[in-house]
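> According to mature numbering (1 follows the signal peptide of the UniProt record, and there is no 0), the residues represented by the sequence shown are -23 to -1, 1 to 740, in order.
Here a beta-carbon is modelled for each residue, glycine too, at the ideal position from N, C-alpha and C.
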Amino acid sequence: MKVSKFTASVIALAVSSAFAVQAADERYIINVDNNNKAAVTALAKKLGAEIKVDADGFIAATFKGKNLNTVKKMMSNPVQSLQARGVTMAADVVNNATFNAIEIDHPRYLMATYDDDAGDPRTQQITPYSIKQSQADQVNFNANAGMKVCVVDSGLDQHHADFDWNNITGDNDSGTGNWNDGGSHGTHVAGTIGALDNNVGVVGMAPGVAMHIIKVFRDTDGKWGYSSDLAHAAQKCTDAGANIISMSLGGGGANATEENAFDAFTAAGGLVVAAAGNDGDNTRSYPAGYESVMMIGGNSKDNGRYESSQFPSCQATRDDCVEVTAGGLDVLSTYPMDTPTLAEIQVGSQTLTADIASNSETPVGSLSGNAYYMGTAEATDAGANGNICVIDRGNISFHDKVKNCEDSGGIGAIIINNEAGPLGATLGDNNTTTIPTVTALLSDKATLTAATSVDIDVSATGYNIISGTSMATPGVSGVAALVWSNHTQCTGTQIREVLKATAEDLGDAGHDVYYGYGVVKAKAAHDYITEHGCDGPVASNELTNGVAKTGLAASKGQDLTYTFQVPAGATNLSFNTTGGNGGDADLYVNFGSAASSSNNDCKSESATSTESCAIASAQEGTYHVTVSAYSTFSNLNLVASYTEGGSTPVNNTYSNNTSAAITDRNTTSSVISVNDSGSSAIATVDVDITHTYSGDLLLTLVSPSGAEQVLRSYTGRSTDDIKESYNVEGFASSERNGNWTLRVHDNAGGDTGTLNSWTINFK
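1) Could you tell me which of Ala428, Gly569, Ala120 sits nearest to Pro184, measuring between CA atoms?
2) Would Ser269 and Val249 qualify as a contact pair, given that the criterion is a beta-carbon distance under 8 Å?
3) Determine, using beta carbons only, whether Ala61 and Phe40 come nearer to each other than 8 Å.
4) When the Cα atoms are used, what is the spatial distance from Tyr505 to Thr479?
5) Under the three-state reduction of DSSP, which class applies to Val64: helix, strand or coil?
6) Please confirm if the segment 569 to 587 is in contact with the segment 629 to 642, defined as three or more CB-CB distances below 8 Å between the two stretches.
7) Determine which residues share a DSSP beta bridge with Pro84 and list them.
8) Measuring alpha carbon to alpha carbon, tell me which of Asp561, Val301, Ala167, Ser326 ends up nearest Trp142.
9) Taking the beta strand (DSSP E) that Lys580 belongs to, which residues open and close that run?
10) Tell me which same chain residues have a C-beta within less than 6 Å of the C-beta of Thr100, skipping the five on either side of it?
11) Taking the C-alpha atoms as reference points, what is the distance between Val566 and Phe541?
12) Roughly how far, in whole angstroms, is the beta-carbon of Arg408 from the beta-carbon of Ser343, given that I think they are within contact range, below 8 Å?
13) Express the C-alpha separation of Ser462 and Asn117 in angstroms, rounding to a whole number.
14) Looking at the secondary structure, which residues open and close the beta strand (DSSP E) in which Glu474 lies?
15) Tell me, please, which residues DSSP counts as bridged to Ser269.
16) Which class does Thr527 belong to by DSSP, given the choice of helix, strand or coil?
17) Go to Ser423, then tell me how far its beta strand (DSSP E) extends in each direction, as first and last residue.
18) Alpha carbon to alpha carbon, what distance is there between Pro413 and Glu355?
19) Just to confirm before moving on: does the CB-CB distance between Thr357 and Asn381 stay below 8 Å?
20) Give the secondary structure of Gly455 by DSSP, where H, G and I count as helix, E and B as strand, and everything else as coil.
21) Could you work out which residue in His165, Thr234, Asp130, Asn144 is closest to Ser223 when comparing CA atoms only?
22) Please classify Leu(-11): is it buried, with 16 or more other beta-carbons within 10 angstroms of its beta-carbon, or exposed?
23) What do you get for Thr169, buried or exposed, if any count of 16 or more other CB atoms within 10 angstroms of its CB means buried?
24) Nearest CA to the CA of Gly622: which residue from Leu404, Thr548, Ser53, Leu678?
25) Using the DSSP secondary-structure output, state which residues sit across from Arg689 in a beta bridge.
26) Quick check on the burial criterion: 16 or more other C-beta atoms within 10 angstroms. Buried or exposed for Val64?
27) Extract the residue ranges of the beta strand (DSSP E) inside the segment 104 to 162, only unbroken runs of 3 or more that lie entirely within it.
28) So Asn634 is in the alpha helix (DSSP H); what residue range does that whole segment cover?
29) Assess, as a yes-or-no matter, whether the segment 134 to 149 is touched by the segment 420 to 435 under the definition of 3 or more beta carbon pairs within less than 8 Å.
30) Could you name the residues that DSSP lists as bridge partners for Ser345?
31) Whose C-alpha, out of Ser551, Ala138, His83, Ala331, is nearest the C-alpha of Gly230?
32) Please classify Asp723: does DSSP put it in a helix, a strand, or coil?
33) Can you check the segment 244 to 289 for any beta strand (DSSP E) of at least 3 residues that lies completely inside it and give the ranges in chain order?
34) For the candidate residues Cys467, His376, Asn629, Ala37, whose alpha-carbon lies nearest to that of Glu80?
35) Quick one: using the 10 Å Cβ neighbour count with 16 as the cut-off for buried, is His464 buried or exposed?
36) Taking 8 Å as the cut-off, does the segment 606 to 620 touch the segment 547 to 562 (at least 3 CB pairs, one atom from each stretch)?
Written out as structure tokens, the structure is:
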């Protein structure tokens, strides 16, 4: 048989179609102290629940026909609920059935679409393009480093020879079957991470890396699980000693249980990697959308965008949107040995290129029969009975074409493309047909429509070409394992930051929503750590009077430290932070030694990144400044300033030119730090705002003492933007020194904007 194409066969699933798959029953996570878990479990069962997950700190259960509010009421009022169902429980058990929270257990779906490409890894080892593109072929994997990747997916084919089975373990999650009994999606993912360098098949990013496989997708259709399954899997990954969790999956909706599980894994030094999704829009998928999880997008072999890759905006930081990309389009990797991947059509002595229709019931083997041309197959046709239907693309769905063929008695279907190139047809997630179905090229239409008989040959190769952010995610997981194996002194968070710092910047300069920081590069990351260490190059940490440090960024839990030299006689000493892209930075200042939350002369810990420390009596010498990331922040500004002894104020105009987003029904604050003495005597405040329907906005000026004056009230007018100067008379007796705040409150939905800049003009 001539080898012509590798093609998809079983799952053709993107996030958009996955969201349409309805789970059997609504499922909920009940967070509970372990001491009370037995009682809560017993109560839930009495109230009709079926327990699906029993994990550390929570259980997950289905309550047939019950919504979230009903379940909360039932569990919160056990006596009444038990009476209503006519059942009883021991009083001590009821009294101990207390829980912390109940939340929706959101479904999580596989993220993969399928494509085809030429090649035959059965007779030689092929290095996939994504390996070369990510420089994984330029770094040697250190097999003695103890690196382990936990692959949370659909399982792994235990019969595949391209894996080191002495180095692979696994777990099953609830109701999923054996972790090593197949799993097309999971087998492909695992091959990209760690397929062996053994002169056959393909080679992975980190060849032979230890893997722990957790199968979380249901045996019923192999396509979906729940967020609680992932939270439980994170615990199992920890128990297995994994360094990295790789998840080519996701779904809508966030919950605290899932997020906390990945927060804990990351806090313990690990790295969590997940797919952005394949909807081609700005939808945020979870778990990739959590700050503790590295979100991965896809790219093509020519560094172009993988158009189906999702590109959510960065809500507060750049840790909840795409951070880096790897090969996601037409990625060759391992596939179950018994799963059909290769098809061709024989017409007499001619061999025609064919692809297997995704989600079709097309087994390995050969099908021979008379050919019957059925046009676009928009209705049943008695002439198809007992024959292989030859069908034109167009007018109705692929599924309905094949269904009409089968309902007419057809024994197989060939769908011909109506444009040049291969046809990646899918019969949909709810396919009801059972006959083998393949697709053919438009260039072969004349041959097929004139044929009297045809043969369809389908074989399994053990390798396949697939597209999706599911394929990019294991690429990054494998690169992380490869780099980390050579630098085991680093933490997972440090590896994450290095991969971003060394990615090849594509798209718009700097970070963008499509590529993040760019295509991940193993050799560049390895060299970076070798030269600079895990934390990268050390930037100057000395502050200069009145000169802002800009563009500062830190991940949750990270500290940035600085020093500031203050001369004798200095007054009006202050330290201020602004910006932060919605993150939360806290500020600590201490004279003579390192500053921290427990060792400081001044601390500022608001719920935002706008912080201020004013030192009443400045000392001559070194002040130490620590900016601590309570949550991840970026684009932060830090300025320290003082007035030199004997100097007098000469500046009467102060501005803040750092833009700030104005979002629906929220308050945006911007600070100007004034380092002059004397009374305020403000003449005007100039404001530059871009905002549709500016009548939604209320502008208030707040003095350093906390006094307020409304500059502009709600007007209800539909005019856009505000570029105005306001006379201010209410602060004549106030001290001008300190932080002046402009508050912009948006009072309605539907219109947003930006505070571009504002200026205080003193008399």
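Short version:
1) The residue given as residue 184 occupies position 207 in the sequence shown. Out of Ala428, Gly569, Ala120, Ala120 has the C-alpha closest to the C-alpha of Pro184.
2) The sequence position of residue 269 within the sequence shown is 292, counting from 1. The sequence position of residue 249 within the sequence shown is 272, counting from 1. Yes, these two residues count as a Cβ contact at 8 Å.
3) The residue you call residue 61 lines up with position 84 of the sequence shown. The residue you call residue 40 lines up with position 63 of the sequence shown. For Ala61 and Phe40, no; Cβs fall outside 8 Å.
4) Within the sequence shown, the letter at position 528 stands for residue 505. Within the sequence shown, the letter at position 502 stands for residue 479. Approximately 7 Å, taken between the alpha carbons.
5) The residue given as residue 64 occupies position 87 in the sequence shown. Annotated three-state conformation of Val64 is coil, per DSSP.
6) The segment 569 to 587 makes no contact with the segment 629 to 642, as fewer than three CB pairs between them are under 8 Å.
7) Counted from its first residue, the sequence shown places residue 84 at position 107. Note: Pro84 sits in a beta bridge opposite Tyr203.
8) Residue mapping note: residue 142 aligns to position 165 of the sequence shown, counting from 1. If we check each option's Cα against that of Trp142, Ala167 comes out closest.
9) Taking the first residue of the sequence shown as position 1, residue 580 is located at position 603. Here the beta strand (DSSP E) through Lys580 covers 579 to 581.
10) Your numbering for residue 100 matches position 123 in the sequence shown. Contacts found: none.
11) Mapped onto the sequence shown, residue 566 falls at position 589. Mapped onto the sequence shown, residue 541 falls at position 564. Distance between the alpha carbons of Val566 and Phe541 is about 10 Å.
12) Looking up residue 408 in the sequence shown gives position 431. Looking up residue 343 in the sequence shown gives position 366. Checking the sequence shown, residue 408 turns out to be Asn, not Arg. Wrong, their Cβ atoms sit about 22 Å apart, outside the cutoff.
13) Looking up residue 117 in the sequence shown gives position 140. Looking up residue 462 in the sequence shown gives position 485. Going by the C-alpha atoms only, they are around 9 Å apart.
14) Residue mapping note: residue 474 aligns to position 497 of the sequence shown, counting from 1. From DSSP, Glu474 is part of no beta strand (DSSP E) but of the alpha helix (DSSP H) over 469 to 478.
15) By 1-based counting over the sequence shown, the position of residue 269 is 292. In the DSSP assignment, Ser269 is bridged to no other residue.
16) Along the sequence shown, read from residue 1 onward, the residue named residue 527 stands at position 550. In the three-state reduction of the DSSP assignment, Thr527 falls in the strand class.
17) Taking the sequence shown and counting its residues from 1, the one referred to as residue 423 is at position 446. Sequence check: residue 423 is Ala here, not Ser. Here Ala423 belongs to no beta strand (DSSP E); instead the alpha helix (DSSP H) covers 422 to 427.
18) One-based indexing of the sequence shown puts residue 355 at position 378. One-based indexing of the sequence shown puts residue 413 at position 436. When rounded, the distance between both Cα atoms is 19 Å.
19) Within the sequence shown, residue 357 is the residue found at index 380, counting from 1. Within the sequence shown, residue 381 is the residue found at index 404, counting from 1. Thr357 places its beta carbon less than 8 Å from that of Asn381.
20) Start at 1 with the first residue of the sequence shown, and residue 455 comes out as number 478. Here Gly455 sits in helix by DSSP.
21) As a first step, residue 223 must be located in the sequence shown, where it is residue number 246. With distances taken between Cα atoms, Ser223 lies closest to Asp130.
22) For this step, residue -11 is matched to residue 13 along the sequence shown. Per-residue confidence for Leu(-11) stands at a pLDDT of 30, beneath the threshold of 50, marking its modelled position as unreliable; the derived number appears in the next sentence. Label assigned to Leu(-11): buried.
23) Locating residue 169 in the sequence shown gives position 192, counting from the first residue. The residue in question, Thr169, is buried, as its Cβ has 16 or more Cβ neighbours within 10 Å.
24) Here residue 622 refers to the residue found at position 645 of the sequence shown. When each option's Cα is compared against that of Gly622, the closest is Thr548.
25) If you number the sequence shown from 1, residue 689 lands on position 712. Answer is Leu676, bridged to Arg689.
26) Taking the first residue of the sequence shown as 1, we reach residue 64 at position 87. Residue burial is scored here from C-beta neighbours: Val64 has fewer than 16 other C-beta atoms within 10 angstroms and is therefore classed as exposed.
27) DSSP runs (the beta strand (DSSP E)) wholly in the segment 104 to 162: 125 to 130, 145 to 149.
28) Walking along the sequence shown from the start, residue 634 turns up at place 657. No alpha helix (DSSP H) contains Asn634, which DSSP labels as neither H nor E.
29) Segments in contact, no.
30) Taking the first residue of the sequence shown as 1, we reach residue 345 at position 368. Beta-bridge annotation (DSSP): Ser345 is paired with Asp432.
31) Here the question's residue 230 lines up with position 253 in the sequence shown. When C-alpha distances from Gly230 are compared across Ser551, Ala138, His83, Ala331, the shortest belongs to His83.
32) Here residue 723 refers to the residue found at position 746 when the sequence shown is read from its first residue. Judged by DSSP in its simplified three-state form, Asp723 adopts strand.
33) Those beta strand (DSSP E) runs which fall completely within the segment 244 to 289 and span 3+ residues are 248 to 252, 270 to 276.
34) To locate residue 80, count along the sequence shown from 1; it is residue 103. Out of Cys467, His376, Asn629, Ala37, Ala37 has the C-alpha closest to the C-alpha of Glu80.
35) Here residue 464 is taken as the residue at index 487 of the sequence shown, counted from 1. So His464 ends up on the buried side.
36) Three or more beta-carbon pairs separated by less than 8 Å link the segment 547 to 562 to the segment 606 to 620, which places the two stretches in contact.
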